[in-house]
Amino acid sequence: MDRYPMNLIPEAIKIVKKEAPELALGAWQLGPFTQCGQTIELDKVLKGVFKERKRVEDILDKFTDIIINNGKALLAAGADFITLREPGVAADLLSPRTFKELIQPRLTRILSAWRAPKVLHICGSTDLLVEMMWQIVKDSGAQAVSVDMKNNIVESRKKLGNDALILGNFDVFKLPCAEETTVEQAVDGIKKNIDGLVDAVWPGCDLWPDIKEENLRAMERTARTYKAGPTPAVGRLN
Amino acid sequence: MSNNNKGELIELLKDGVINFKDDQVKDAAQKAVDAGYPALEMIMEGLAAGMEVVGDLYERQEYFVPEVLMCADALYGGLDILRPHVPKKDGGAIAQVVIGSIQGDVHDIGKNLVKMMFDVSGWMVHDLGRDVPLENFVKEQLRTDAEVVAMSAMMTTTMLGMRKVIKMIKEKNPNVAIMLGGAPVTQDVAKLFGADGYAESAGNAVKEGIKMISRLREYEKKKA
Chain A
26 MDRYPMNLIP EAIKIVKKEA PELALGAWQL GPFTQCGQTI ELDKVLKGVF
76 KERKRVEDIL DKFTDIIINN GKALLAAGAD FITLREPGVA ADLLSPRTFK
126 ELIQPRLTRI LSAWRAPKVL HICGSTDLLV EMMWQIVKDS GAQAVSVDMK
176 NNIVESRKKL GNDALILGNF DVFKLPCAEE TTVEQAVDGI KKNIDGLVDA
226 VWPGCDLWPD IKEENLRAME RTARTYKAGP TPAVGRLN
Chain B
448 MSNNNKGELI ELLKDGVINF KDDQVKDAAQ KAVDAGYPAL EMIMEGLAAG
498 MEVVGDLYER QEYFVPEVLM CADALYGGLD ILRPHVPKKD GGAIAQVVIG
548 SIQGDVHDIG KNLVKMMFDV SGWMVHDLGR DVPLENFVKE QLRTDAEVVA
598 MSAMMTTTML GMRKVIKMIK EKNPNVAIML GGAPVTQDVA KLFGADGYAE
648 SAGNAVKEGI KMISRLREYE KKKA
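As they're listed, the protein sequences go chains A and B.
Note that our numbering gives residue 30 to position 5 of the first sequence, counting from 1, and the numbers run on in steps of one.
Note that our numbering gives residue 498 to position 51 of the second sequence, counting from 1, and the numbers run on in steps of one.
Quick look at the structure:
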């Protein structure tokens, strides 16, 4: 992380912390399977899961080591919390069995190595994975799972119970960006999100560059004020 | 040559695709060619039929994308052997499709699976690859007069380009059918962008492609 352009990120963190020390600053790292797929052609990796298992495992272990070190550098630069994002492993791509055998141990190892509040986020169809995700959180000392729009939050809450911290999962295009979405509809979207029993309103995925300011500001106000009061999470955090 | 032999080879092709047995598919395809069996029949009743089962297994979440990719490899192994032997009369393209991953996006698994479905279905596929400049979709559609343009994106940021392409194409040719796919694309987004069809992910693209193959097989049966 001391070489250009990687060293720009810790520098940016330091600048933000200096300029806005009152704000919580989150860093993130992409998970090993996703990074591997972006480096080596994802279809080769996916087929390698069956055809060259040992080789894929070795490569994933190398990425795991890199991610651990990168995350540590970002935290050392001043990030207050960190999210491990592994979008390439949801049940639209990999079987839950492959997730359990190949991905779960590595995500647990990464999160275990980071000493800070930490969140596990997986995009895509995570209904079949959410219990394993929460197990990773428990095993690694992390705090929460974060899911995207495809997750059935209500069902996830039933599966994980009220002791689990679930973050998510507003529609990052429809609410803040879509031309036809009014401010009122964006507000309703956030209310629905909160009614779905998330512990904090998080975007389901990356935010778009086309955000309408008035929608996003209304969404942020709603997140702060709708059903204001202690969330069920208060008291759950050690 | 007995029909049983032809039937057996069809089953070997189908089973080979379903269980991603590349060598079995290639072997059966070559035997079919050597025996002089109708290549188009072997493709549709063997390979395509196998892929329909694969699609069903995917829907039931018994197969996931790695399995589907390996089934696709097996299918292509057979298709490469059989396709040159489809007589031109039978092998005339059903229609044409221009396909590619949108500018800025290098993910192409879903796009390649959709391409395969079109291939097997007898479409003429003009694959532009990935990270395709927006104007290239328009140029290729005009050049080929393709009935369908299919675009995929795996990132929210690259998806925006689809809207521009749709506008550019529809201005020049409103009758072109445009299909969008990729993880961040939703039905709402596709509708908002003015697309005519939508596939949510690689998996849904497979499902939609399988439906197309099913419709084509019915069409071929009625035609026969």
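We treat Cβ as the ideally placed atom computed from N, Cα and C, and that holds for glycine.
As the structure is a computational prediction, the values presented were derived from the model and not from experiment.
Beta bridge pairing from DSSP links Gly51/A with Phe106/A. Secondary structure at Gln543/B: strand, using DSSP grouped into helix, strand and coil. For Ala637/B and Ala646/B, the gap between their C-alpha atoms comes out near 9 Å. Beta-bridge partners of Pro228/A (DSSP): Phe195/A.
Taking a cut-off of 8 Å for Cβ pairs, the region 623-637 of chain B and the region 552-563 of chain B touch, as three or more such pairs fall below it. Just so you know, the alpha carbons of Ile147/A and Ile613/B end up roughly 31 Å apart.
The beta-carbon of Asp83/A is placed no less than 8 Å from the nearest beta-carbon of chain B. Not one beta carbon of chain B lies nearer than 8 Å to the beta carbon of Phe58/A. Per DSSP, Ile625/B is one residue of the beta strand (DSSP E) stretching across Ala624 to Gly628. Contact annotation: the region 501-515 of chain B touches the region 68-79 of chain A, with at least three C-beta pairs closer than 8 Å. Shown here, Ser150/A sits in coil according to DSSP, grouped into three states, outside any helix or strand. In the three-state DSSP reduction, Met564/B falls in the helix class (H, G or I). For the pair Gly547/B and Met598/B, the CB atoms are nearer than the 8 Å cut-off. If you draw a straight line from the Cα of Ala248/A to the Cα of Val170/A, it comes to about 18 Å. For Tyr523/B, the uninterrupted alpha helix (DSSP H) segment begins and ends at Val512 to Leu529. Along the region 597-618 of chain B, the positions whose C-beta sits under 7 Å from a C-beta of chain A are Thr603, Thr604 and Leu607, read in chain order. Taking CB atoms only, Leu639/B has a neighbour in chain A less than 8 Å away.
The bridge partners DSSP lists for Val172/A are Ile147/A. DSSP assignment within the region 39-86 of chain A yields the following whole beta strand (DSSP E) runs of 3 residues or more, N-terminal first: 51-55.
Restricting attention to Gln129/A, Ile65/A, Ala141/A and Asp173/A, the CA atom closest to the CA of Asp164/A is found in Gln129/A. Within the same chain, and ignoring the five residues on either side of Ala600/B in sequence, the residues whose Cβ sits closer than 6 Å to its Cβ are Ile549, Asp552, Met606 and Gly629. Using a CB distance cut-off of 8 Å, Ala52/A does not count as an interface residue toward chain B. A residue is called buried once 16 or more other Cβ atoms fall within 10 Å of its Cβ, and Asn622/B, having fewer, is exposed. For the C-beta of Gln508/B, the chain A residues within less than 9 Å are, from N- to C-terminus, Ala116, Ser120, Pro121 and Leu153. For Tyr645/B, the enclosing beta strand (DSSP E) begins and ends at Gly644 to Ala646. Note that the region 131-140 of chain A does not touch the region 187-195 of chain A; fewer than 3 beta-carbon pairs, one per stretch, sit closer than 8 Å. C-alpha of Glu245/A to C-alpha of Val179/A: approximately 22 Å in a straight line. Buried is the label assigned to Leu67/A, since at least 16 other Cβ atoms lie within 10 Å of its Cβ. In the three-state reduction of the DSSP assignment, Ala496/B falls in the helix class, which pools H, G and I.
Judged by DSSP secondary structure, Met606/B falls within the alpha helix (DSSP H) whose first and last residues are Thr603 to Lys619.
Under the three-state reduction of DSSP output, His554/B falls in the coil class, being neither helix nor strand. By the neighbour-count definition (other C-beta atoms within 10 Å, threshold 16), Met489/B is a buried residue.
Setting aside the 5 residues that flank it on each side, Thr89/A is surrounded in the same chain by Pro57, Arg131, Arg134 and Ile135, each with a C-beta closer than 8 Å to its C-beta; the list follows chain order.
In the three-state reduction of the DSSP assignment, Ile549/B falls in the strand class, which pools E and B.
Along the region 131-157 of chain A, the positions whose C-beta sits under 8 Å from a C-beta of chain B are Cys148, Gly149 and Leu153, read in chain order. According to the DSSP assignment, Met598/B belongs to no alpha helix (DSSP H) but to the beta strand (DSSP E) extending over Val595 to Ser599.
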